[in-house]
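These notes concern the structure reproduced below.
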Amino acid sequence: MKNKIKLMVIGMAALCLHFNATAQIQPGSFGYYQDALRFSQSNTIGTARLAGMAGAGSVLGGDLSAASLNPAGLALYNRSQFVFTPSLNFNQYNTSFLGQGSNNEKSRLEISNLGVVINFNKSDFIPGGWRGGSVAVTYNRKNDFNQRLTYGANNNNSSIIDAMLDRADGFFSNELGGIEQVGFDHYLINPLPNAPDFYVSPVEGFPFQEESITRSGHTDEINIAGGANYDDKIYIGAGFGIVSSNYQMSRVYRESFSGTVLESFSIDELFDASGTGFNANVGVIVRPTDFIRIGASITTPTWYNFSEESDAIYNSEYNNFDVSGFEDNGQRVILEDTVLNSLQSQTNVFFSDYDLRTPARFNLGAAFFIGKSGFITADIERVNYANSHVSSSDFSADSDNRTIASIYQATTNIRIGGEFRYKEFRFRGGFASIGDPTNELLDDVDRSRTVVSAGVGVNMGRYFLDFAYTQTKFNDSFTSYTFADGVGPTATTENKLGNARISLGLNF
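Numbered according to mature numbering (1 follows the signal peptide of the UniProt record, and there is no 0), the sequence shown spans residues -23 to -1, 1 to 485.
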């Protein structure tokens, strides 16, 4: 027969863990520390010109991307401009689990950049140090969360039922929570008659484990910025950004057994988060000579307000499992039949609202021009992910904030790019090294990113067309369940994110 039970599981962090839950994950963390990192990171943004140089170019100016990177660059415009940048993502994900690998691909068409710059430069015949400037309204896709991961392998070391037993030991049945509560409700773990705070399982053997995780969503920013030019030597700017993020995750985890009372146990989990926030940025660029530009910019933290909801369905399929001999002291559902074939339960939908403050960003940049033949440019950015902070009136985020301070760290991001000009043609290339936001206390996975890019363009005066391709590589890991000490079987992923974009521009 089939029985349906309504349960409540506190927080989804007890189920799907993006990171291996080491001792550095503070007890009582709900998993918002994962959101703190997810919504703090950014991919290569902006026009195809900037992407062709791996995101380097904060002091170049004359590019729509300046509104987000260094608004002082808007002051280097000498005419108005409209730019539209569609792009296509080509993403590959290679997952390894217990020596078995699986590959997944996902493509998506999107708009990476859109905006307009209005220039107010003075005529050369009008005296005065202030030579005018520009204002801009821009849109940028800052991050893309689309991903699909799958794996399947025989695990001859453990099952999620072993984790249920380990996490339940020492607690009476009315004290259980999380995934161990599910195991108890499904008769997968049962208290010993003479020691009700210790548990055994009727399930024997080791399972075939498989999992599928599908993620989607993105972070977008609308920026309103302006820049002013003083004596064609000093350029200053400021901007205000409105940021929106949404993230969805669907996860199916399944264990299959043979020759025992349980055929399979599965978890079907859904998660959705959306939020809006704001930030500001200021910057300065100095041109001491015609062939050198140096500059600095600061982007404040983004102050977000998020709403999340999540739920999960658990399903057990049995081989005519007789549960009549189990004592539950009224803690479990009363069954109409003591022989189980199928049992399903579901959490209540879990809602939460919370505020998130992401870290500030500090950037230094320089560019060296080789006459009219081109230039070389470099940026150094500093971001301290340990400064992220979560707060809410719905729950205490203290444990998540301690986890943030424990497992995240400051990174130094370096971007180098260049452009060679031949008549109306432009040839570009770049490289970026993005530091690992997690420290060695979390695990031994290096999550630093490398970006390699190339691009070409043609400038026809009033019109221009640019193309760029970037490839970003990084590693990650996730754990499907953990024992009481925070250790569990871990799958690692190699991610290759390709992006091709075209910028269509009009000068007026």
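For each residue, glycine too, the CB sits at the ideal point set by N, CA and C.
Can you name the start and end residues of the alpha helix (DSSP H) that residue i belongs to?
i           : result
R26         : 25 to 28
residue 488 : Residue numbering for the chain in the displayed model covers -23 to 485; residue 488 lies beyond these limits and cannot be assessed.
S383        : 375 to 384
Q124        : Unbroken run through Q124 is the beta strand (DSSP E), 124 to 131; no alpha helix (DSSP H).
G155        : 155 to 162
A461        : No alpha helix (DSSP H) contains A461, which DSSP labels as neither H nor E.
residue 499 : This structure does not reach residue 499, given that the chain is present from -23 up to 485, and the question cannot be answered.
In chain order, what residues of the same chain have a beta carbon less than 6 Å from the beta carbon of residue i, not counting five sequence neighbours either side?
i      : result
N96    : Y54, R56, S57, S111
S79    : T72, T127, Y128
K(-20) : Confidence at K(-20) is low in this model, with a pLDDT of 38, below 50, so the placement of that residue is unreliable and no value is reported for it.
I271   : V263, A343
I(-14) : Confidence in I(-14) is poor, its pLDDT being 38 and thus under 50, which makes the residue's placement unreliable; the coordinate value appears in the next sentence. Only G154 meet the Cβ criterion.
G260   : N47, P48, A49, G214, S274
K473   : Q69, K450
G434   : R403, D443
F460   : A140, D143
S480   : T24, A25, V60, T62, D443
F485   : S57
N416   : Q386
Name the one or two DSSP bridge partners that residue i has.
i           : result
R85         : N66
M226        : R192, F248
V360        : R338, T388
D330        : S284
residue 501 : Only positions -23 to 485 of the chain appear in the structure, and residue 501 is not among them; the question remains open.
F455        : A468
R15         : In DSSP, R15 forms no bridge with anything.
N200        : T115, G218
N71         : N80, E471
R56         : Answer by DSSP bridge pairing: none, since R56 is not bridged.
Y295        : L239
A445        : G432, R478
R264        : Beta-bridge pairing links R264 to no other residue.
Beta strand (DSSP E) containing residue i: first to last residue?
i    : result
S322 : 316 to 324
R108 : 107 to 121
V429 : 426 to 436
G411 : The displayed chain sequence assigns Ile, not Gly, to residue 411. Here the beta strand (DSSP E) through I411 covers 402 to 411.
V367 : 366 to 368
L169 : 167 to 169
D174 : 172 to 177
Closest to residue i by C-alpha separation, out of the options, would be which residue?
i    : options                : result
R231 : E240, D174, N223       : E240
L51  : V94, F397, A25, G23    : V94
G29  : T449, M226, Q1, F444   : F444
A202 : N296, V464, N472, V114 : V114
N292 : S243, D299, A461       : S243
F408 : R392, P336, G434       : R392
G216 : M226, E198, R228       : E198
S233 : D40, D245, N132        : N132
A25  : Y10, Y446, S368        : Y446
I22  : D40, P179, Y10         : D40
D330 : N134, F372, R359, D356 : F372
S84  : G475, N151, Q225, F485 : G475
S287 : R228, D332, N297       : R228
I190 : A477, A468, N484       : A468
D420 : S454, N81, R478, Q3    : S454
T276 : N436, N361, G465, Q386 : N361
R439 : Y458, L418, E401       : E401
Suppose the cutoff is 8 Å on Cβ atoms and the five residues either side in sequence are ignored; what does the same chain contact list for residue i look like?
i           : result
A382        : A363
residue 504 : Absent from the model: residue 504. The displayed extent of the chain is -23 to 485, so no value can be given.
D332        : W280, Y281, N282, F283, V367, S368, S369
K452        : This sequence places Asn at residue 452; Lys is not what is there. For N452, where only same-chain residues beyond five positions count, the Cβ hits under 8 Å are V422, D423, R424, T469, T470, E471, N472.
Please look up how many angstroms separate the CB atoms of residue i and residue j, rounded, as I've assumed it's under 8 Å.
i           : j    : result
F59         : G406 : Their Cβ separation, rounded to whole angstroms, is 26 Å, which puts F59 and G406 out of contact at 8 Å.
R192        : P278 : Actually they are not in contact, since the Cβ atoms of R192 and P278 sit about 24 Å apart, beyond 8 Å.
L14         : P414 : 6 Å
residue 502 : N171 : Absent from the structure is residue 502, since the part of the chain shown begins at -23 and ends at 485.
V177        : L169 : 6 Å
I219        : F255 : 6 Å
A477        : S64  : 6 Å
G106        : V428 : Going by Cβ atoms, the distance from G106 to V428 rounds to 39 Å, so no, they are not a contact pair.
Near residue i, what residues of its chain come up, given a Cβ to Cβ distance below 7 Å and the 5 sequence neighbours on each side ignored?
i           : result
G412        : T388, T389, N390, S425
F352        : A344, F345, F346, G395, E396
S6          : A(-11), S376, D377, T380
N120        : Q18, S19, N20, H195, T196
K349        : R398
P184        : N132, S136, E232, S233, F234
T237        : V180, E181, G182
N297        : V316, N318
residue 486 : Nothing can be reported for residue 486, as the shown portion of the chain is limited to -23 through 485.
Does the ligand MG have a heavy atom nearer than 8 Å to the CB of residue i?
i    : result
N132 : The model on display carries no ligand, and the ligand MG is accordingly not part of it.
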